[in-house]
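Here's the structure we're looking at; comments come further down.
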Amino acid sequence: MVNLSLTAAGEQHMAWWWQTLIGAGVALLVVWLALLIALLVARPGRAQLKEALRLLPDLLRLLRRLAADQRLPRGVRIRIGVLLAYLAFPFDLIPDFIPVLGYADDAIIVTAVLRSTVRRAGVDAVRRHWPGTDEGFAALSRLTGLGGLGG
Numbered sequence: 607m608v609n610l611s612l613t614a615a616g617e618q619h620m621a622w623w624w625q626t627l628i629g630a631g632v633a634l635l636v637v638w639l640a641l642l643i644a645l646l647v648a649r650p651g652r653a654q655l656k657e658a659l660r661l662l663p664d665l666l667r668l669l670r671r672l673a674a675d676q677r678l679p680r681g682v683r684i685r686i687g688v689l690l691a692y693l694a695f696p697f698d699l700i701p702d703f704i705p706v707l708g709y710a711d712d713a714i715i716v717t718a719v720l721r722s723t724v725r726r727a728g729v730d731a732v733r734r735h736w737p738g739t740d741e742g743f744a745a746l747s748r749l750t751g752l753g754g755l756g757g
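Under our numbering, the residue at position 119 of the sequence shown is numbered 725, and the numbers go up by one with no gaps.
So, in structure tokens, the structure goes:
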């Protein structure tokens, strides 16, 4: 009799774990689909994407410099560190082999982090650490939609 009640309790416990696991999987799928839809809506044009790819080396140096600047708020440095880790990670929200959208997810995420960085750290911090040309900084301004960045 005791064994039967323990077995029933164990089965209920296992059922609860499976339900939780399935629920978490469904929630992750829904979040991924929502991000995919947002990326499809915000998809940059080919010209913007080409400009962003040309800026990539300078942009990566900028992010590294901002992450190392102890004068910036800790939250900004952590956010940039997480972004750099995301960019280094071999898996993306949308695989890079998918034309246009494969690289667009990275560009959109970088843009969102840069906008957040400028709001918290200021335009001067971004300008101070920009390693490229004034034209490149103006292009960064256009790509991120931050009119106050123009150089």
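Don't be surprised by glycine CBs; every beta carbon is placed ideally from N, CA and C.
Residue i in three-state terms, based on DSSP
i, result
"L749", "helix"
"I556", "What is shown of the chain runs 607 to 757, which leaves residue 556 out entirely."
"G738", "coil"
"T613", "helix"
"Q618", "helix"
"Q625", "helix"
"D675", "coil"
"G728", "coil"
"F695", "coil"
Exposure of residue i, with buried meaning 16 or more beta-carbon neighbours within 10 Å
i, result
"T723", "buried"
"V682", "buried"
"A727", "buried"
"G742", "buried"
"A710", "buried"
"R680", "exposed"
"L635", "exposed"
"V732", "buried"
"L665", "buried"
Proximity to residue i [Cα-Cα], best of the options
i, options, result
"V719", "A633, L635, L693", "L693"
"A713", "D698, A727, W622", "D698"
"P737", "P701, L669, I628, W622", "L669"
"L690", "T717, P701, G708, I700", "T717"
"R721", "I700, G708, R748, Q618", "R748"
"V566", "H619, T739, A673, G708", "What the structure shows of the chain is the stretch from 607 to 757, and residue 566 is not part of that stretch, so it cannot be assessed."
"I686", "R671, Q618, L635, R677", "R671"
"D730", "I700, D702, Q625, R677", "R677"
Residue i beta carbon near the ligand SAH (any heavy atom closer than 6 Å)
i, result
"A745", "Among the components of this structure there are no ligands whatsoever, and the ligand SAH is therefore not found."
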